[in-house]
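The sequence shown begins at 1098 in the working numbering and counts up by one.
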Amino acid sequence: MQRPRLKMRLGDLLVHEGIITEQQLNNALAAQQQNGRKLGATLIGLDYLSEDQLLQFLSQQLNVQFLDIAQRRIEPRVAQMLPEVHARRLRALVLEDRGESVLLGMSDPADLSSLDQIAPLLEPKLIEIAVVRESQLIEAFNNLYRRTQEIQSFAHQLQEEYEETETIDFAALNTEGDQDNTIARLLQSLFEDAVQVRASDIHIEPDEKVLRIRQRVDGVLQESVLQETGIAPALVLRLKLMASLDISEKRLPQDGRFQMKIKGRTIDVRMSTMPVQHGESVVMRLLDQSAGLLSLEETGMPAAIVSRLRRIIQSPHGMVLVTGPTGSGKTTTLYGVLSELNQPGVKIITVEDPVEYRLPRINQVQINHKIGLDFAGVLRTSLRQDPDILMVGEMRDQETAEMGLRGALTGHLVLSTLHTNDAVTSTLRLIDMGAAPYLVASALRAILAQRLVRRVCQHCKQPYQPDELEQTWLRHFRAPAGLQFWRGKGCQSCHYTGYKGRIGVFELLVIDKPLADALRRDDSEEFARIAYNSSTFSTLGTMALEYAQQGITSLDEVIRVSEYVDLDTMAGAS
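1. Taking the alpha carbon of GLN1351 as the reference point, which residue from GLN1177, HIS1466, LEU1219 and THR1428 has its own alpha carbon closest?
2. Within 10 angstroms of its Cβ, does ALA1127 collect 16 or more other Cβ (buried), or is it exposed?
3. Note down the Cα distance separating THR1370 from LEU1179, rounded to an integer number of angstroms.
4. Label GLU1302 either buried or exposed according to how many other C-beta atoms from any shown protein chain fall within 10 Å of its C-beta, with 16 as the threshold for buried.
5. Would you identify the three-state DSSP class for LYS1558, choosing helix, strand or coil?
6. With a 10 Å radius around its C-beta and 16 neighbouring C-beta atoms as the bar for buried, classify VAL1199 as buried or exposed.
7. VAL1292 and ILE1248 - do their beta-carbons sit closer together than 8 Å?
8. Going by CA-CA distance only, name the one from GLU1622, LEU1549, GLN1559 and PRO1173 that's closest to SER1425.
9. Give me the DSSP bridge partner(s) of TYR1596.
10. Could you tell me if THR1650 is buried or exposed, where buried requires 16 or more neighbouring beta carbons within 10 angstroms of its beta carbon?
11. May I have the straight-line CA-CA distance separating ALA1296 from ASN1518, to the nearest angstrom?
12. Should the segment 1578-1589 be regarded as contacting the segment 1451-1469, the criterion being three or more beta carbon pairs within less than 8 Å?
13. Verify whether the separation of the beta carbon atoms of ILE1344 and LEU1334 is less than 8 Å.
14. Per DSSP, GLY1353 is paired with what?
15. Tell me whether GLY1115 is buried or exposed, calling it buried when 16 or more other Cβ atoms sit within 10 Å of its Cβ.
16. Would you say GLY1501 and LEU1476 are within 8 Å of each other, going by their C-beta atoms?
17. With respect to the alpha helix (DSSP H) encompassing ASN1460, which residues constitute its N-terminal and C-terminal limits?
18. Identify every residue that forms a DSSP beta bridge with PHE1603.
19. What are the partner residues of SER1436, as DSSP defines its beta bridges?
20. Just curious, the alpha helix (DSSP H) that MET1500 is in, first and last residue?
21. With DSSP as the reference, label SER1156 as helix, strand or coil.
22. In angstroms with no decimal places, state the Cα-to-Cα distance between LEU1270 and LYS1135.
23. Less than 8 Å between the beta carbons of ILE1226 and PRO1206, yes or no?
24. Does LYS1337 come out as helix, strand or coil in the three-state DSSP assignment?
25. Quick check on DSSP: helix, strand or coil for LYS1427?
26. What residues in its chain sit with their C-beta under 6 Å from that of HIS1556, if we drop five residues either side in the sequence?
27. First and last residue of the alpha helix (DSSP H) that includes PRO1217?
28. Using the three-state DSSP reduction, which class does THR1272 fall into: helix, strand or coil?
29. Please report the residue range of the alpha helix (DSSP H) in which PRO1441 lies.
30. I'd like to know whether the C-beta atoms of LEU1545 and VAL1658 end up nearer to each other than 8 Å.
31. Can the beta-carbon of ARG1542 be found closer than 8 Å to that of GLY1415?
32. Quick check: what's the CA-CA separation for VAL1112 versus ALA1176?
33. Out of MET1488, ALA1473, VAL1403 and GLN1562, which has the shortest C-alpha to C-alpha gap to ASN1439?
34. Spatial neighbours of ILE1464 within its chain, please: CB distance less than 8 Å, with the 5 preceding and 5 following residues excluded, ordered by chain position.
35. When you compare only the Cα positions, how much space is there between GLU1325 and SER1341?
36. Which two residues bound the contiguous beta strand (DSSP E) that contains LEU1456?
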């Protein structure tokens, strides 16, 4: 085994080479006594040197290579030669199997104690060392140590148990904390895997010959297939029990929710079941309650829009709509607004279906259609509860829309969402729902439309030239010629998708007098013309295109966001 050694202690060597001062070393040693971290991590935390500086230095002193593993293809089979529990604890990862030896990446290759613990686990292989960034190691752990094999193993075990008994033990399924129960362990692995890859949803879909498990990551579904179709009823039953649903009802859709702890994080699970041809489909939305609410700036909203929106929500009355398709982050934005408005001197009532985040001091009402507790009924009662601010989860029908608009005219600030594609068409949607044009014109203050676009992976992004079809689209969009665009070629860090993470794109339409007059006349064409000609209004597509020019997103994502925008109307308006 390659055993690199430093000739001097790390701190003394860094001082000797002039990378840090003697005083900085003493400060770091004092801090280390309190935080218990390694000296290198402490020095980086104190901003005395960067992680790259430290790793380059260790690479030179120990004569080992310094690798950027974000763009390196690492086989999960190779990585799993070192069990996950040891890899995470010792901050080491097998990068390559070279036959008689393995290439081992470590964040601290001078840690001989860790090397001594790793060597027996990899015998009879010889170990060659490389130094890698700790942040990249942690990310690689999450990508490579997936629960796929574990889930398949539990599924196979459950299938065998199910075939042996041919019945489902309802008492066992309902036992809380029964870690020995195969179904409980299978679901635990499923949820841990989803949280590890930052999935927003889990889909369980029974098919004729397979059971599909799909996870939505960055807005795109990733699929794994189980051959054990017979376990689907048991899985659905267990989940129904967890969500307090009717386990005897398989013919009708049901909705429920439950909470669970995953790796110390509280995850709120919203569950929906639906009868399909080969059983019941289950979709679960995962909400990380421990992550906290995002501020308006943290959503990715530009500073200019944040500033204008803050001025609008300080108004004592009027309606503000946040619009976009399902999963575009509307609720996150509204909760960001509520957290800013949540003051002791202000009474806020929310009407939601469901309540996603619990907020102190705010009166949150959960809709329950089974007992007649609907949006319109709760909104009517809420107006008699002396609120200053009302938040209605969604404008779904004429009664709710008109009641919200009238509430906005009678001294309340009303916040709500609407499922539309952009800000301009939102007012037309309200009118189509049956709201009187004069009511919309008088009550509506602003509309914030938003979408989520995928970020280009910063580890593997590279410039590219748009093809002929994309260039035609750019000319139609009236984009300047010669723009530079980027796309990800795919790497370990982004699961070879070319994208990693998402960011919001926004458009804010403030209803001024000319726009309100067009609404009163119910003149949709004039309303659109005035909106698109406004110097203060910038469309979703325009903002997405700016992100594409900056290398934040790709042109493909810009076109996807803009596909619903009426480009002919925009061209005619200009």
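Yeah, the Cβ is synthetic: ideal placement off N, Cα and C, and Gly gets one too.
This is what the structure holds:
1. For the purposes of this step, residue 1351 is taken as residue 254 along the sequence shown, with counting starting at 1. Measuring from the Cα of GLN1351, the nearest candidate turns out to be HIS1466.
2. Taking the sequence shown and counting its residues from 1, one reaches residue 1127 at position 30. Under this definition ALA1127 is an exposed residue.
3. Taking the first residue of the sequence shown as position 1, residue 1370 is located at position 273. Taking the first residue of the sequence shown as position 1, residue 1179 is located at position 82. Roughly 39 Å between the two C-alpha positions.
4. The residue you call residue 1302 lines up with position 205 of the sequence shown. Label assigned to GLU1302: buried.
5. For this step, residue 1558 is matched to residue 461 along the sequence shown. Three-state DSSP puts LYS1558 in a strand.
6. Here residue 1199 refers to the residue found at position 102 when the sequence shown is read from its first residue. Under this definition VAL1199 is a buried residue.
7. Numbered from its first residue, the sequence shown carries residue 1248 at position 151. Numbered from its first residue, the sequence shown carries residue 1292 at position 195. VAL1292 sits away from ILE1248, with the two beta carbons spaced by 8 Å or more.
8. Counting from 1 along the sequence shown, the entry for residue 1425 is found at position 328. Comparing alpha-carbon positions, the option among GLU1622, LEU1549, GLN1559 and PRO1173 lying closest to SER1425 turns out to be LEU1549.
9. Here residue 1596 refers to the residue found at position 499 when the sequence shown is read from its first residue. In DSSP, TYR1596 forms a bridge with VAL1553.
10. Here residue 1650 corresponds to residue number 553 of the sequence shown, with the count starting at 1. Buried: at least 16 other Cβ atoms inside 10 Å.
11. Looking up residue 1296 in the sequence shown gives position 199. Looking up residue 1518 in the sequence shown gives position 421. About 24 Å.
12. no
13. Indexing the sequence shown from 1 puts residue 1344 at position 247. Indexing the sequence shown from 1 puts residue 1334 at position 237. Yes, Cβ-Cβ distance for ILE1344 and LEU1334 is below 8 Å.
14. The residue labelled residue 1353 in the question sits at position 256 within the sequence shown. Answer by DSSP bridge pairing, in chain order: MET1368.
15. The residue given as residue 1115 occupies position 18 in the sequence shown. Flag for GLY1115 reads exposed.
16. Locating residue 1501 in the sequence shown gives position 404, counting from the first residue. Locating residue 1476 in the sequence shown gives position 379, counting from the first residue. Yes, the Cβ-Cβ distance between GLY1501 and LEU1476 is below 8 Å.
17. Along the sequence shown, read from residue 1 onward, the residue named residue 1460 stands at position 363. Element bounds for ASN1460: not the alpha helix (DSSP H) but the beta strand (DSSP E), 1460-1463.
18. Position 506 of the sequence shown, counted from the first residue, corresponds to residue 1603. DSSP output for PHE1603 lists GLN1547 as bridge partner(s).
19. By one-based count along the sequence shown, residue 1436 stands at place 339. Partner(s): none; SER1436 has no beta bridge.
20. Along the sequence shown, one-based indexing puts residue 1500 at 403. Start and end: 1495-1506.
21. Residue mapping note: residue 1156 aligns to position 59 of the sequence shown, counting from 1. Of the three classes helix, strand and coil, the one that applies to SER1156 here is helix, per DSSP.
22. In the sequence shown, the residue the question calls residue 1270 occupies position 173. In the sequence shown, the residue the question calls residue 1135 occupies position 38. Bear in mind that a pLDDT of 48 at LEU1270, under 50, signals an unreliable position, so the number given afterwards is only what the model happens to contain. So the two alpha carbons sit approximately 45 Å from each other.
23. For the purposes of this step, residue 1226 is identified with residue 129 of the sequence shown, where counting begins at 1. For the purposes of this step, residue 1206 is identified with residue 109 of the sequence shown, where counting begins at 1. The answer is yes: Cβ separation under 8 Å.
24. Walking along the sequence shown from the start, residue 1337 turns up at place 240. LYS1337 falls in the helix class under three-state DSSP.
25. Numbered from its first residue, the sequence shown carries residue 1427 at position 330. Looking at LYS1427 - three-state DSSP - the assignment turns out to be helix.
26. Counting from 1 along the sequence shown, the entry for residue 1556 is found at position 459. Excluding sequence neighbours, HIS1556 sits near ALA1167, GLN1168, CYS1588 and SER1590.
27. Locating residue 1217 in the sequence shown gives position 120, counting from the first residue. From DSSP, the alpha helix (DSSP H) with PRO1217 extends over 1209-1219.
28. Numbered from its first residue, the sequence shown carries residue 1272 at position 175. Because the pLDDT of THR1272 is 46, which lies under 50, any placement of that residue in the model is unreliable, and the question is left without a value.
29. Walking along the sequence shown from the start, residue 1441 turns up at place 344. Premise fails: PRO1441 is in no alpha helix (DSSP H) and is neither H nor E.
30. Taking the sequence shown and counting its residues from 1, the one referred to as residue 1545 is at position 448. Taking the sequence shown and counting its residues from 1, the one referred to as residue 1658 is at position 561. Against a cut-off of 8 Å, the Cβ pair of VAL1658 and LEU1545 comes out as no contact.
31. Within the sequence shown, residue 1542 is the residue found at index 445, counting from 1. Within the sequence shown, residue 1415 is the residue found at index 318, counting from 1. In this structure, GLY1415 lies closer than 8 Å to ARG1542 by Cβ.
32. By 1-based counting over the sequence shown, the position of residue 1112 is 15. By 1-based counting over the sequence shown, the position of residue 1176 is 79. Taking the straight line from one Cα to the other gives about 36 Å.
33. For the purposes of this step, residue 1439 is taken as the residue at position 342 of the sequence shown. It is MET1488.
34. To locate residue 1464, count along the sequence shown from 1; it is residue 367. Hits under 8 Å: VAL1448, GLU1449, ASP1450, PRO1451, LEU1470, ASP1471, PHE1472, VAL1475 and GLY1490.
35. Numbered from 1 along the sequence shown, position 228 holds the residue referred to as residue 1325. Numbered from 1 along the sequence shown, position 244 holds the residue referred to as residue 1341. Looking at the two C-alpha atoms, the distance is approximately 26 Å.
36. Position 359 of the sequence shown, counted from the first residue, corresponds to residue 1456. Careful: LEU1456 lies outside any beta strand (DSSP E) and carries neither H nor E.
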